[in-house]
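Visitor:
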Amino acid sequence: MQLRYNYRAYPDAAQRRALAKAFGCARVVWNDCLRDRKKAHAAGMPYVKSAELSRLRITQAKRTEERAWLADVSAVALQQSLRDLDTAYKNFFDSLKGKRQGRKVGPPRYKSKKDTRQSIRLNTNAFSLQDNGTVYVAKVGNLKVKWSRRLPAAPTSLTVTRDSSGRYFLSFVVDTEPDILPELETETGIDLGLSAFAVLSNGRKIDSPRFLRRAEKKLRRLGRELSRKVKGSKNRAKARIKVARQHAKVANRRRDWHHKASTQIIRDNQAVFVEDLAVSGLGRTRLAKSVHDAGWSAFVGMLEYKAALHGRTFAKVDRAFPSSQVCSACGFRDGPKPLHVREWTCSGCGTVHDRDHNAARNVLFEGRRIVAAGRAETPNACGAPVRRAYVPAQRVEAGSHRKGRTPQAGTLDIKPGSTSRSAHPTVPLSPRRTPHGLRQEEQHGPQGADRGDAARRAGP
1 MQLRYNYRAY PDAAQRRALA KAFGCARVVW NDCLRDRKKA HAAGMPYVKS AELSRLRITQ
61 AKRTEERAWL ADVSAVALQQ SLRDLDTAYK NFFDSLKGKR QGRKVGPPRY KSKKDTRQSI
121 RLNTNAFSLQ DNGTVYVAKV GNLKVKWSRR LPAAPTSLTV TRDSSGRYFL SFVVDTEPDI
181 LPELETETGI DLGLSAFAVL SNGRKIDSPR FLRRAEKKLR RLGRELSRKV KGSKNRAKAR
241 IKVARQHAKV ANRRRDWHHK ASTQIIRDNQ AVFVEDLAVS GLGRTRLAKS VHDAGWSAFV
301 GMLEYKAALH GRTFAKVDRA FPSSQVCSAC GFRDGPKPLH VREWTCSGCG TVHDRDHNAA
361 RNVLFEGRRI VAAGRAETPN ACGAPVRRAY VPAQRVEAGS HRKGRTPQAG TLDIKPGSTS
421 RSAHPTVPLS PRRTPHGLRQ EEQHGPQGAD RGDAARRAGP
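Position 412 of the sequence shown, counting from 1, maps to 412 under the numbering used here, and the rest follow consecutively.
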């Protein structure tokens, strides 16, 4: 399977100028090729092939006076820019035809030199690792790199990126074999929320660190300083970089915390089941800042690929599954409950439940049923099968030769009789939604309360 390793790079002044030129040339090739294809489509002409664009916009363009400076950078970066455009078009066409899962993908758009993120993509013909610890990039030089860990194998491609705060990163793609961990007997279901970031089926609660909320005071001060600077001035550019660096610190802390928490969960459990939240839907509500601060999608994505890497079982439970309405002890469905109700007593057996812990246990039972049935997700409320969950493949990189498809998450060995009602009570799969949906429940819940149930009802 393919893994990506990121390292911080520290180019000197001359290398920064060379990289800026490479970013600009790759962007120009992208825009020129995209313009040709748009014009051909508007004129009713056939789709322009990549070979023709490469000849016109790279090879012949270097011989013209207007584009002679394209020869100052590596030709590999220009070719890979065209390949990235082909990938963008392929994703767009596959999305139109229904071949691509997930959200609809729009057509490629023009790139701007004012974009906060600039990058070039190279294959092994344009970079190499040196014995002194530097990385040679064609027509740029030997870049100084901070090696936080060793690469497990020789990289197949390299992406050089400059972010909005002016930092440079080298992203290597490496083909490695799965690192299978010893099998365990433990399994867990996870209920995600805001008051507590996650509640596991064994009763463990993971508090939400709220990195963005903790940095809001400093971000507000930096934002005021930025708004007072004259547009286009050097002082405004300096203030913008300060704001970008502070946001980068928040993102880095959140990502580091997500990696540590997800790795611990994967190492401690043979099977991990999590609810499928509608993060994009909640991102348009008054809870948007808290939802994005939690970073549920990034965390679930880490669980998914780490499960595939270490031979664990991973499955998603559909958002329509009524995990908070069903008693995990007897299976009796007690109906919807406002979000301010954090504990409730089952009308069937009298068991007192913590709302989040009960939901996590139901997620565990439903996840076991999904795996035993040979599916990767629960059916939706209408009984129709929901699309199969997949391990997120790494983006196709320059020079990365894929050896077949990305491995799926492992399968769990279910013992006979483990899915019976006495062992793991089953629950109805067709929950009824309240007439007012999410907003009716939001009116009852306090600010900052757990929104795991609301997320399952929010549309994309």
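Cβ atoms here follow ideal geometry from the backbone N, Cα and C, with glycine treated the same way.
Do you know how far the Cα of A248 is from the Cα of T116?
Guide: Taking the first residue of the sequence shown as 1, we reach residue 116 at position 116. Taking the first residue of the sequence shown as 1, we reach residue 248 at position 248. Distance between the alpha carbons of T116 and A248 is about 12 Å.
Visitor: Which residues does DSSP pair with E275 in a beta bridge?
Guide: For the purposes of this step, residue 275 is taken as residue 275 along the sequence shown, with counting starting at 1. E275 pairs with V317.
Visitor: Along the chain, where does the beta strand (DSSP E) containing K139 start, and where does it finish?
Guide: Mapped onto the sequence shown, residue 139 falls at position 139. Taken as a continuous stretch (DSSP letters only), K139 belongs to no beta strand (DSSP E), as it is neither H nor E.
Visitor: Given that a residue counts as buried once 16 or more other Cβ atoms are within 10 Å of its Cβ, and exposed if not, what is T87?
Guide: For this step, residue 87 is matched to residue 87 along the sequence shown. T87 is exposed by the Cβ-count criterion.
Visitor: Out of R214, Y5, I190, R319, point me to the one whose CA is closest to K205's CA.
Guide: Taking the sequence shown and counting its residues from 1, one reaches residue 205 at position 205. Comparing Cα positions, the closest option is I190.
Visitor: Can you grab the Cα-Cα spacing for the pair Y7 / G311, in whole Å?
Guide: Residue numbering aside, residue 7 sits at position 7 when the sequence shown is read from its first letter. Residue numbering aside, residue 311 sits at position 311 when the sequence shown is read from its first letter. Cα to Cα, the separation comes out at about 26 Å.
Visitor: Going along the chain, which residues of its own chain have a beta-carbon closer than 6 Å to the beta-carbon of A298, five neighbours each way excluded?
Guide: Here the question's residue 298 lines up with position 298 in the sequence shown. Excluding positions up to five away in sequence, the list reads H258.
Visitor: Cutting at 6 Å between CB atoms, please list the residues of its own chain near L477, excluding the five before and the five after it.
Guide: What the structure shows of the chain is the stretch from 1 to 460, and residue 477 is not part of that stretch, so it cannot be assessed.
Visitor: Any idea what DSSP makes of H340, helix, strand or coil?
Guide: Along the sequence shown, read from residue 1 onward, the residue named residue 340 stands at position 340. Note: H340 maps to coil in three-state DSSP.
Visitor: Should E366 go down as buried or exposed, given a rule of 16 or more other Cβ atoms within 10 Å for buried?
Guide: Counted from its first residue, the sequence shown places residue 366 at position 366. E366 comes out buried.
Visitor: Excluding the 5 residues flanking N235 on each side, which residues of the same chain have their C-beta closer than 7 Å to its C-beta?
Guide: Numbered from its first residue, the sequence shown carries residue 235 at position 235. Excluding sequence neighbours, N235 sits near K229.
Visitor: When the distance is taken between beta carbons, is L85 closer than 9 Å to C33?
Guide: Numbered from 1 along the sequence shown, position 33 holds the residue referred to as residue 33. Numbered from 1 along the sequence shown, position 85 holds the residue referred to as residue 85. Yes, Cβ-Cβ distance for C33 and L85 is below 9 Å.
Visitor: Locate the beta strand (DSSP E) running through S157, then write down its first and last residues.
Guide: Within the sequence shown, residue 157 is the residue found at index 157, counting from 1. That run of the beta strand (DSSP E) goes 157-162.
Visitor: DSSP puts A61 in a beta bridge; with which residues?
Guide: Within the sequence shown, numbered from 1, the residue matching residue 61 stands at position 61. Per DSSP, none; premise fails for A61.
Visitor: Tell me whether P416 sits in a helix, a strand or coil according to DSSP, three-state version.
Guide: For this step, residue 416 is matched to residue 416 along the sequence shown. Model confidence at P416 stands at a pLDDT of 37, short of 50, so the residue's coordinates are unreliable and nothing is read from them.
Visitor: Could you give the distance in angstroms between the alpha-carbon of Y5 and the alpha-carbon of D36?
Guide: Along the sequence shown, read from residue 1 onward, the residue named residue 5 stands at position 5. Along the sequence shown, read from residue 1 onward, the residue named residue 36 stands at position 36. Rounded to whole angstroms, Y5 to D36 spans 35 Å at the Cα level.
Visitor: Note down, in chain order, each residue of its chain lying with its Cβ closer than 7 Å to the Cβ of G348, except the 5 sequence neighbours on either side.
Guide: The residue labelled residue 348 in the question sits at position 348 within the sequence shown. Here the set comprises C327, C330, F332.
Visitor: D2 lies in the beta strand (DSSP E); which residues open and close that run?
Guide: In the sequence shown, the residue the question calls residue 2 occupies position 2. The displayed chain sequence assigns Gln, not Asp, to residue 2. First-last of the beta strand (DSSP E) with Q2: 2-9.
Visitor: Let me know the secondary structure DSSP gives A198 once reduced to three states.
Guide: Within the sequence shown, numbered from 1, the residue matching residue 198 stands at position 198. Of the three classes helix, strand and coil, the one that applies to A198 here is strand, per DSSP.
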